[in-house]
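J.: Take any residue in the sequence shown, count from 1 to its spot, add 508: that is its number in my numbering.
Don't be surprised by glycine CBs; every beta carbon is placed ideally from N, CA and C.
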Amino acid sequence: MESPDKNKEDEIAFLKAQVTNFGSQGLELFDEEYYLDANPDVKAAGLDAFSHFVEIGWREGRAPSKHFDVAFYLSEYPDVLEANINPLFHYAEYGINEGRKPLPRTDRAGARDAYEDSASLTERQLFDSTYYLLKNPDVKASNMDPFEHFMQFGWREGRSPSEQFSLAFYLNQYPDIRAAGINPLTHYVEYGHAEGRLPLPEKDAPISAVHFDFPIAGAGMALSLVRNGFVTGAALDPSAKVTEVEILVGKKPVVSGLCVKQKPDRENSDRLPSGSGFALSIPLSVRYDSINDFAIRFRGKPSTRRPLHWTGTAHPRALFIPNARLASDGSRIYRAELPAQQLRASGVEVTIMEEEDAISQVAENSLDLGQYDLILLQRVPYSDAMVNLVKQARRYNRLVLYDVDDLMFKPWLRAEMGVIRSGTYSFNDENYRDSLQRRLDMLLLCQGVICSTPFLQRELASLGMPAILSRNALDDRSFIDGALRLAQDGVQEGFKMLFMSGTPTHEMDFRLIKDVVAETLLSNPNITLTILGELRDTGLDHLPNVNRLPAVTREEMLKIVAQHDVLLVPLERTRFNLAKSSLKFMEAGAAGVPVIASNLFEFERDIRKSGAGVIARTAADWRQAIQFYIDHRGLAREHGAKAFRYCLDNHSNQSRNGYLWREICRFDEHLTAEREFVDGVDNRLYERMITAIRGSV
């Protein structure tokens, strides 16, 4: 047997290998020379630098290298601080894939020099072929060039050329143009723009519809700002190489290191000349703010800065498409309805659209995805219509995320799922397996995932999918019954236990406590057990102090919970259960009731932090915990009050305070730095990717 010291040395060596010469960036996340120079006390003591950092240094806030700031990382990401894990190892294993930053951003302010716009505006710059064909399927069916159709017929028929120009608004706003009987788009291009006329109502005004030229030594750069949330540009000299583009708000870069990748020549572009160019997404965090100026770096030499005078007046928009049809479905409530409330509190306009309606509108080409900044698919399975929706969203440069709150996207783990273990479905049921596979297929086509637990984050990381952690939360109304319960004096007579099973899949979970509960009920007829939901025969239904209630709405369920003394939450220690959130703790806490729960991390975390409830690992633990609350009724009430306050402070929508939108924006910034947009090319590559993924299952 190896000595403990030998094992420790091996572990340190392994950890060191993980963070040295990290990734393709060639960074040394731990720099021994840097660490010793920065910490002369460690050097003077003759200690091994890395061992000192692993055991002591990170807890003292010492930086491992110039590439990583411990204090910043723990301050910026409180979930890592709360988990009490080495921030450097967290970053190396998870953080970098989640888009977390190892260092604070830096201001790179420069002088602002105005340059007069010398570029001309053309009709083609304000014409969007994709938009026009989407809005006019008859034109698409005719195979006529959409721009030619608009110039010859479309404007006379009242068809708008793009999101950047409303033909109806322009004619209604300026009756002299309507009276003259001329093409309103042509008028705007030739005269209206210079006269200060608006192409859209002010609330819908585009970022810009102009084409700037930047003089740069040796060649020029053409820049076009478009309304769909990104900026396109190309060198006027086809041999030129773009090295860096910055977007600034005031004097601060929007995103640290926002450098675009080199793109192929852009030939036959409607907006830009041929030559090497770029397309740069405007991050969600500032898409509706004021962007004051742009700077372009070309062969290392910056251009003059071009003031834009753009003020964002609209709000970001999100489209939620939940898979659950019933408004009472728990996953829909917690992963669509309540997150939508959180986003609305952050100023985001949210639309919730039924999956069937979305599929129908995609088939009819009537779903305008260009109006949304974010599309979120909540457990939606793969279908041709949904694939087309994602493709259209990509065309519009829209962020598409998937939402999960359990492991029902890994068909190879179905043996651990409650529906299999309870016998609801057979392991060999091909239809059930295919339903899981189709969720996985759809998830993999999205740009990222929103999930409810760190365990799910890690499971998604194993698929190469970055994920935002957004824990479940309760709305304010959920706390009404708990507040009323706690406002009452004294304790009620008898002792009432509750077990909840929203579906029949918790049969194996209940078996963990069946014998202990039976002993308790048989020994004391004043103690009752209520089984709420769809659990099959428990073997206890013949007892007079066992009550059965059918599944009810969430509002009714919270009222029922508030009428009991303790909620029993036995859960098998399967990977499926480990991945789920402590939702029953939250619901019980909102009702002012403590829980006794199995030793799964999410429950251990909340019970430990709140000081309310009991964790039970064995049958003896369950017996002791139940008897403890029977003997200490006042303490059960006190724990209920603690759980209520804790959930109000940590698991309510109001406690999130804009967290979800900030995380989505942070995720978008991470993607923004890596996106590539090449007209036509990205869609063809994407189609092949979909085919490859679907063909492999």
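Tell me, please, whether the region 1035-1046 touches the region 1007-1017 by the rule of three or more beta-carbon pairs shorter than 8 Å.
T.: yes
J.: Count the other CB atoms, across all protein chains shown, that sit within 10 Å of the CB of R470; report buried if there are 16 or more and exposed otherwise.
T.: What the structure shows of the chain is the stretch from 509 to 1205, and residue 470 is not part of that stretch, so it cannot be assessed.
J.: Please name the residue in Y599, E563, S637, V794 whose C-alpha comes closest to that of R1174.
T.: By 1-based counting over the sequence shown, the position of residue 1174 is 666. By alpha-carbon distance to R1174, the top candidate from Y599, E563, S637, V794 is V794.
J.: Could you check where the beta strand (DSSP E) with P830 kicks off and where it finishes?
T.: Taking the sequence shown and counting its residues from 1, one reaches residue 830 at position 322. DSSP places P830 in the uninterrupted beta strand (DSSP E) bounded by 825-830.
J.: Locate the beta strand (DSSP E) running through Q955, then write down its first and last residues.
T.: On the sequence shown, position 447 is the one that residue 955 refers to. That residue, Q955, is in no beta strand (DSSP E); it is neither H nor E in DSSP.
J.: By the DSSP assignment, the beta strand (DSSP E) with N1085 in it spans what residues?
T.: Against the sequence shown, residue 1085 aligns to sequence position 577. N1085 -> not in any beta strand (DSSP E); alpha helix (DSSP H) instead, spanning 1083-1086.
J.: May I ask which residues mark the beginning and end of the beta strand (DSSP E) holding V1074?
T.: As a working note, residue 1074 is residue 566 in the sequence shown. It spans 1074-1077 - the beta strand (DSSP E) in which V1074 sits, taken as one unbroken run.
J.: Who are the Cβ neighbours of T1061 in its own chain at under 6 Å, not counting the five residues just before and after it?
T.: Numbered from its first residue, the sequence shown carries residue 1061 at position 553. Excluding sequence neighbours, T1061 sits near S836.
J.: Closest by CA to L455, which one among V578, E857, R567?
T.: Not covered by the structure: residue 455. The range shown for the chain is 509 to 1205.
J.: So, do the region 954-963 and the region 1085-1097 have three or more beta carbon pairs nearer to each other than 8 Å?
T.: Touching, yes.
J.: Quick one: which unbroken alpha helix (DSSP H) runs of 4-plus residues sit fully inside the region 835-896? Chain order, please.
T.: If we require 4 residues or more, the alpha helix (DSSP H) runs fully inside the region 835-896 come out as 846-853, 863-871.
J.: What are the start and end residues of each continuous alpha helix (DSSP H) run of 4 or more residues lying completely inside the region 663-708, in chain order?
T.: Fully contained in the region 663-708 are the following alpha helix (DSSP H) runs of length 4 or more, in chain order: 675-681, 683-688, 692-695.
J.: Within the same chain, show all residues whose beta-carbon is closer than 8 Å to that of G1047, passing over the 5 residues directly before and after it, in chain order.
T.: Indexing the sequence shown from 1 puts residue 1047 at position 539. By the criterion of a C-beta distance shorter than 8 Å, G1047 is surrounded in its chain by K1022, A1026, once the five residues flanking it on both sides are discounted.
J.: Evaluate the contact criterion for the region 843-854 versus the region 1163-1170: three or more CB pairs, one atom per stretch, below 8 Å.
T.: yes
J.: Using CA coordinates, which residue listed in E863, S891, L909 is at the minimum distance from D881?
T.: Counting from 1 along the sequence shown, the entry for residue 881 is found at position 373. It is L909 whose Cα lies nearest to the Cα of D881.
J.: So the beta strand (DSSP E) R1145 belongs to, where does it begin and stop?
T.: For the purposes of this step, residue 1145 is identified with residue 637 of the sequence shown, where counting begins at 1. Per DSSP, R1145 belongs to no beta strand (DSSP E); it is in the alpha helix (DSSP H), 1141-1158.
J.: Start and end of the alpha helix (DSSP H) containing R1062?
T.: The residue you call residue 1062 lines up with position 554 of the sequence shown. Per DSSP, R1062 belongs to the alpha helix (DSSP H) from 1062-1069.
J.: So for N594, helix, strand or coil by DSSP?
T.: Against the sequence shown, residue 594 aligns to sequence position 86. The DSSP-derived three-state label of N594 is coil.
J.: So within the region 1016-1065, which uninterrupted beta strand (DSSP E) runs reach at least 3 residues, ignoring any that extend past its ends?
T.: Unbroken beta strand (DSSP E) runs of no fewer than 3 residues, entirely contained in the region 1016-1065, are found at 1035-1041, 1054-1057, following chain order.
J.: Whether or not the region 1100-1107 and the region 1067-1085 are in contact is what I'm after, with contact meaning three or more pairs of Cβ atoms, one per stretch, closer than 8 Å; do they touch?
T.: yes
J.: Looking only at DSSP bridge pairs, what is S1106 linked to?
T.: Numbered from 1 along the sequence shown, position 598 holds the residue referred to as residue 1106. Note: S1106 sits in a beta bridge opposite A1124.
J.: Going by DSSP, which residues form a beta bridge with I1172?
T.: As a working note, residue 1172 is residue 664 in the sequence shown. According to DSSP, I1172 bridges with nothing at all.
J.: What alpha helix (DSSP H) runs, 4 residues minimum, are completely inside the region 910-979?
T.: 926-929, 938-952, 962-969
J.: Which residues does DSSP list as the beta-bridge partners of M1008?
T.: Here residue 1008 refers to the residue found at position 500 of the sequence shown. Paired residue(s): L1040.
J.: So is M1005 buried or exposed if we call it buried at 16+ other beta carbons inside 10 Å?
T.: Locating residue 1005 in the sequence shown gives position 497, where the first residue counts as 1. Buried, since its Cβ has 16 or more Cβ neighbours within 10 Å.
J.: D587: buried (16+ other C-beta within 10 angstroms of its C-beta) or exposed?
T.: Sequence index remark: in the sequence shown, residue 587 carries index 79 (1-based). Exposed, since its Cβ has fewer than 16 Cβ neighbours within 10 Å.
J.: Would you say C954 and L1030 are within 8 Å of each other, going by their C-beta atoms?
T.: Start at 1 with the first residue of the sequence shown, and residue 954 comes out as number 446. Start at 1 with the first residue of the sequence shown, and residue 1030 comes out as number 522. Contact flag unset, no.
J.: What three-state label does DSSP hand V908 in the structure shown?
T.: By one-based count along the sequence shown, residue 908 stands at place 400. Residue state, collapsed to three classes: strand.
J.: Can you grab the Cα-Cα spacing for the pair F914 / I1035, in whole Å?
T.: Numbered from 1 along the sequence shown, position 406 holds the residue referred to as residue 914. Numbered from 1 along the sequence shown, position 527 holds the residue referred to as residue 1035. What sits at residue 914 in the sequence shown is Asp, not Phe. Approximately 34 Å, taken between the alpha carbons.
J.: Along the alpha helix (DSSP H) that carries Y640, what are the first and last residues, could you check?
T.: Translated into the one-based positions of the sequence shown, residue 640 becomes position 132. Note, Y640: alpha helix (DSSP H), 637-643.
J.: I'd like to confirm the pairing. Which residues does DSSP put opposite L1210 in its beta bridges?
T.: Outside the displayed range of the chain (509 to 1205) lies residue 1210, so it cannot be described from this structure.
J.: If we ignore side chains and look at the alpha-carbon of each, how far apart do I564 and A1059 end up?
T.: The residue you call residue 564 lines up with position 56 of the sequence shown. The residue you call residue 1059 lines up with position 551 of the sequence shown. Rounded to whole angstroms, I564 to A1059 spans 52 Å at the Cα level.
J.: CA-CA distance, Y602 and M861?
T.: Counting from one through the sequence shown, the residue named residue 602 turns up at place 94. Counting from one through the sequence shown, the residue named residue 861 turns up at place 353. Each residue's alpha carbon lies about 33 Å from the other.
J.: Inspect the beta-carbon positions of S1160 and L982 and report whether they are closer than 8 Å.
T.: Here residue 1160 is taken as the residue at index 652 of the sequence shown, counted from 1. Here residue 982 is taken as the residue at index 474 of the sequence shown, counted from 1. Contact: yes.
J.: Along the chain, where does the alpha helix (DSSP H) containing E584 start, and where does it finish?
T.: Your numbering for residue 584 matches position 76 in the sequence shown. Unbroken alpha helix (DSSP H) run through E584: 578-584.
J.: My guess is that Y581 and P610 are in contact by the Cβ rule of under 8 Å, so how many angstroms apart are they, rounded?
T.: Here residue 581 corresponds to residue number 73 of the sequence shown, with the count starting at 1. Here residue 610 corresponds to residue number 102 of the sequence shown, with the count starting at 1. Yes, Y581 and P610 are in contact; Cβ-Cβ is about 6 Å, under 8 Å.
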